[in-house]
Amino acid sequence: MEINYMTLVMNWINFAIIAAMVIGIIKGIKEIKKFLNRNKQMDKKLDDILNQLEKSKRD
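Adding 234 to a residue's 1-based position in the sequence shown gives its number in our numbering.
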């Protein structure tokens with residue numbers, strides 16, 4: 235039984251590329267979640283500031 239080493243090498247390279255892509259996608263999703271959470275916090279802070287400004291205008 236003859237083993238073609240080039241096929242084995244290419245398979246390992248393909249597995250490494252697929253693993254790198256999966257890791258990249260996971261990291262991208264984490265960064266998007268972090269961005270969305272930061273954006274929500276900014277919205278809350280801006281709402282608080284605007285509410286304080288409106289309150290001070292009324293007084």
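Where is the CB? At the ideal position from N, CA and C, for every residue including glycine. Computed from a prediction, not measured in an experiment: that's the story for all the values here.
Is residue i helix, strand or coil by DSSP?
i    : result
I237 : coil
Look at the alpha carbon of residue i and the alpha carbon of residue j, and state the distance between them as a whole number of angstroms.
i    : j    : result
L287 : V256 : 47 Å
Q275 : M244 : 47 Å
R292 : N285 : 11 Å
G258 : D277 : 29 Å
N248 : K267 : 29 Å
Should residue i be counted as a contact of the ligand MN given a C-beta to heavy atom distance under 6 Å?
i    : result
K264 : Among the ligands in the structure shown, none appear at all, so the ligand MN cannot be discussed.
Could you pull out every unbroken alpha helix (DSSP H) segment of at least 4 residues lying fully inside the stretch 243–279, listed in chain order? none
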